[in-house]
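See below for the structure under consideration.
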Amino acid sequence: MNSSFFVPHDLAAPVVGDPSGPLAGLSAVVKDMYDIAGSRTGGGNPDWLAAQAPARVHAAAVEKILAAGATITGKTVCDEFFYSVAGANAHYGTPVNLRAPGRIPGGSSSGSAAALAADACDFALGSDTGGSVRVPAAFCGLYGLRPTYGRVDLAGAMAMAPSFDVAGFFANAPGILRRVGSVLLEGETRPAAIAHLNAADDAFAQADAPVAALGRDFLAAAARALPKPQGRTAAPDGFDAWREAFRIVQAFETWASFGDFITRARPALGPGVKERMGFAATVTAAQADAARKIVASARAHIRTLVPPGTVMALPTAPCIAPPLDQSGEELESFRVRVMRLTCMAGLAGLPQINLPIGTVEGCPAGLSFIGWPGGDEALLDLACALARYCGLTAPGSRATRA
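This is the structure we're talking about:
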């Protein structure tokens, strides 16, 4: 098994779940931000790890999947303090994306996604603040759900930016994803038949042409299983004001989560994360408050696009996974492009599911559906209904496993 997926301080032995339950017989890996009793939680940084005592109890999500019968086989590498969507870690390396060789896996739940893509487990637990389940799901060819804000208990999980943090999970098969959802999702569900489909034309315009075309082709191929798409403009004034407001609030809250430790312990921070933490330290409360007004306005608008019974389709990421050898400047440009698409669900606290619809240039590409608050189960059912249409190949691309 490829060890690049797992942290050096991995579990000494699998944690075996209850022999009966809806997840009995399934194996899982867990992002190194969730407490597992008897082990330390590292958050992608060795200095943070060294400062932690072994957890006394499991995180709530970990406890739930164990009680449902799953066996946890490993703790996975993540981006340092979860502050990236690339999937690289300067201390532990970059988990290998076997479905897009030579390319990044996407982050920050990179190890969880890459392990699943390598068939090292049946499902994987991650988290999503600014895209950290959705982006690696797209790049590794997985089904992945970012739930409605608050629907998965984050007790015992490291916080990053609590206004946006949610748990999230991946699977290779939509049926398993739905089974995991039935275990982890709590709180209010709002069942509704999906009767309307908005296609976010401006989001498709943000994507590379082959990625956008693959998404459009998928909607056409799956027409019998979907309402007729209606073109909509998701962000009438463009995505950048929303993206910037998200970035400001995320930075302010991330510094609130980790700034004291960084100031006291002066940990070594990897490239990209170091610069983002440096910026986060400068964000003032007044700037965060001003940005939160934009967040509130965006949230209200985005939610009008997806009332119960309506979903919105958009490319999960604007491109296929970038090459491993991209420069820091290229990766920062990539991050900006990604955040234009991923900020919507985060700002609005909405569920979003990635479907591995096919490949572009031999690499996985994803299409997402954003649902209404509490519409998580409807999205999981939709993924099951649409699975038969996945596996398209963009014109001119060579086919590969998606």
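With the working numbering applied, the sequence shown covers -19 to 382.
Here a beta-carbon is modelled for each residue, glycine too, at the ideal position from N, C-alpha and C.
- Under DSSP, residue 7 shares a beta bridge with 51.
- Distance from the CA atom of residue 208 to the CA atom of residue 359, rounded to whole angstroms, is 17 angstroms.
- Here the region -12 to 7 makes contact with the region 91 to 105; the two share three or more CB pairs at distances below 8 angstroms.
- Between the region 344 to 358 and the region 115 to 134, the count of Cβ pairs shorter than 8 angstroms is three or higher; the stretches touch.
- Here residue 110 is buried, its C-beta having at least 16 other C-beta atoms within 10 Å.
- If you look at residue 156, you'll find it in the alpha helix (DSSP H) that goes 154 to 164.
- In this structure residue 86 does not touch residue 95 by the C-beta definition: roughly 13 angstroms separates them, more than the 8 angstroms allowed.
- Sequence-distant Cβ neighbours of residue 256 in its own chain, meaning closer than 6 angstroms and more than five residues away, are 63.
- Checking the DSSP bridge columns, you'll see residue 150 partnered with 104 and 124.
- With a 10 Å radius around the Cβ and a threshold of 16 neighbouring Cβ atoms, residue -4 comes out exposed.
- Collapsing the DSSP output to three states places residue 39 in coil.
- Under the three-state reduction of DSSP output, residue 348 falls in the strand class.
- Residue 263 places its beta carbon 8 angstroms or farther from that of residue 300.
- Of all C-beta pairs linking the region 235 to 253 to the region 62 to 82, three or more are shorter than 8 angstroms, placing the two stretches in contact.
- Sixteen is the threshold: since fewer than 16 other Cβ atoms of the shown chains lie within 10 Å of the Cβ of residue 244, the residue is exposed.
- CA-to-CA, the gap between residue 220 and residue 369 works out to about 33 angstroms.
- Note on geometry: alpha-carbon atoms of residue -15 and residue 91 lie some 4 angstroms from one another.
- In this structure, residue 137 and residue 39 form a Cβ contact; the two beta carbons are roughly 5 angstroms apart against a cut-off of 8 angstroms.
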